[in-house]
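So the structure is just underneath, and the comments pick up after that.
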Amino acid sequence: MTPLTQADISAEIAERHAYYGSRVAAGAARLDSPLLDFAPYRSSILRHPTKNPRLVDPETIELVSPAFGQRDVAAVESDLTVQHSGEPLGERMTVSGRVLDGEGRPVRRQLVEIWQANSSGRYIHQRDQHPAPLDPNFTGAGRCITDDDGGYSFTTVKPGAYPWKNHVNAWRPAHIHFSVFGTAFTQRLVTQMYFPNDPLFPLDPIYQSIPDQAARDRLVSRYDHESSVSEWSLGYRWDIVLTGARATWFEPEGSEA
Ligand SMILES: [Fe+2]
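Quick note, the sequence shown lines up with residues 941 to 1197 if you use the working numbering.
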C-alpha cells in the first residue's frame, strides 16, 4: 500500500470541511464538537463511538473511582519547572485563565490537570521513542485547583511539536493537554490547548477534526504580555468554557496524541 502523504490527508480534510460548509450553507446547525469518525485522523475510524452513550449510576461508580480532596493538591504542583533538582530546558512560560460555565460564572474548586511534551517535543512514555531528547529535569505533568474566580495558573516550558504516525511526515502542533475533573469521575473532560499562529494547524487532522473555525479558534491560547514576567517567562492566557455556545471543545474518551 502506498504510504499516506500530507497531501493525501490535507485533501481529505479539505473535502470534509467543504462538505460541512455546504451543509451549513444549506441551513444545518454549526457544530461546536469534532467529527468523531473524522477519517483523516486515521485511528478515529475504528474507535469512534458507534452506539449511543449509556448512563452510568454516578453513586455506584463513585465507590470504585479515584477521589481527591482539595488538600491533596499542593500549590507547588502547578509549577512543572521545579519537580527535579535542575531546571528544564526550553522557553519558560506561564499559562493561566479561568474555568467558566456557559453563563460566564467562575467554576470554583475544580481540579485542573495538564500533561505535555518537553521543549524538544518528547514525552516520557514508552510509546514515544522518536529521536528527540528526554529532559531529566522535566516530567511534563501538573495540577491545580481553581480559585474563587475560577482561575488556574501553571508554570512550565513551552512544549515542542512532535511527530506521530497518522501518515508520513505527520507532526502535531505544539499543545498542552488539559483535564477538568468536575465533581465526580464521570464528569471528567479532556481537551488540548494550542499556541497562536502555529503553521501546523492546517495540516493537523486532530485539530481539523473540529469542522468549525470558531470552535477551533477557542482552543488557541493568546499571548498576554501583561502576564509575561521580565527576565523570567512568557505569558499565555486561555479560558475554558464548559457549556453553551462558546464552550471549549472536549475530546471523546480514549483519544491519544
Ligand atoms: Fe500530545
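In this text, a Cβ means the ideal position worked out from N, Cα and C, and glycines have one as well. All values reported here derive from a predicted model rather than from experimental measurement.
For residue i, the nearest candidate out of the options (CA to CA)
i	options	result
Val1097	Pro1071, Pro1028, Glu1043	Pro1028
Asn1109	Gln946, Leu1140, Met941	Gln946
Asp1179	Thr1123, Arg1158, Glu952, Ser1168	Arg1158
Leu975	Ala1072, Ala966, Arg987	Arg987
Pro1192	Gln1127, His1024, Ile1054	Gln1127
Gln1132	Gly967, Glu1031, Arg956, Ile1146	Ile1146
Ser1119	Ser1168, Asp997, Asp1089, Ala1081	Ala1081
His1165	Val1035, Gly1184, His1065, Leu1182	Val1035
Trp1172	His957, Asp1138, Ile1001, Thr1021	Thr1021
Arg1156	His957, Ala951, His1065	His957
Thr1198	Arg1048, Met941, Ser983, Ser973	Nothing can be reported for residue 1198: it is not among the residues displayed for the chain, which extend from 941 to 1197.
Tyr981	Thr1183, Arg1186, Pro1151, Tyr1163	Pro1151
Own chain partners of residue i with C-beta closer than 6 Å, once the 5 adjacent residues on each side are dropped
i	result
Val1092	Note that residue 1092 is Tyr in the sequence shown here, rather than Val. If we look at Tyr1092 and ignore the five residues flanking it on each side, its Cβ neighbours are Val1052, Cys1084, Thr1086.
Phe1121	Leu1051, Arg1128
His1107	Leu944, Ile949
Asp1089	Pro1046
Residues of its chain near residue i, where Cβ-Cβ distance is below 7 Å and the 5 sequence neighbours each way are ignored
i	result
Asp1144	Arg1112, Pro1113
Asp1068	Arg1062
Pro1073	Ser1060, Arg1062
Ser1167	Thr1034, Ser1036, Gly1175, Arg1177
Beta-carbon separation (whole angstroms), residue i vs residue j, contact threshold 8 Å
i	j	result
Asn1058	Gly1030	7 Å
Phe978	Ser1149	4 Å
Gln1056	Pro1099	4 Å
Thr1095	Asp1019	4 Å
Glu1002	Phe1125	7 Å
His1117	Ile1064	Their Cβ separation, rounded to whole angstroms, is 14 Å, which puts His1117 and Ile1064 out of contact at 8 Å.
Cβ-heavy atom distance, residue i to ligand 1, below 7 Å
i	result
Ala1057	yes
His1107	no
Arg1062	no
His1117	yes
Arg1158	no
Arg1067	no
Arg1112	yes
Residues of its chain near residue i, where Cβ-Cβ distance is below 8 Å and the 5 sequence neighbours each way are ignored
i	result
Tyr1134	Pro1113, Ala1114, His1115, Phe1141, Tyr1147, Leu1159, Val1160, Ser1161
Below-8 Å beta-carbon distance, residue i vs any chain E residue
i	result
Glu1053	Considering every chain present, this structure includes no chain E. It has just one protein chain.
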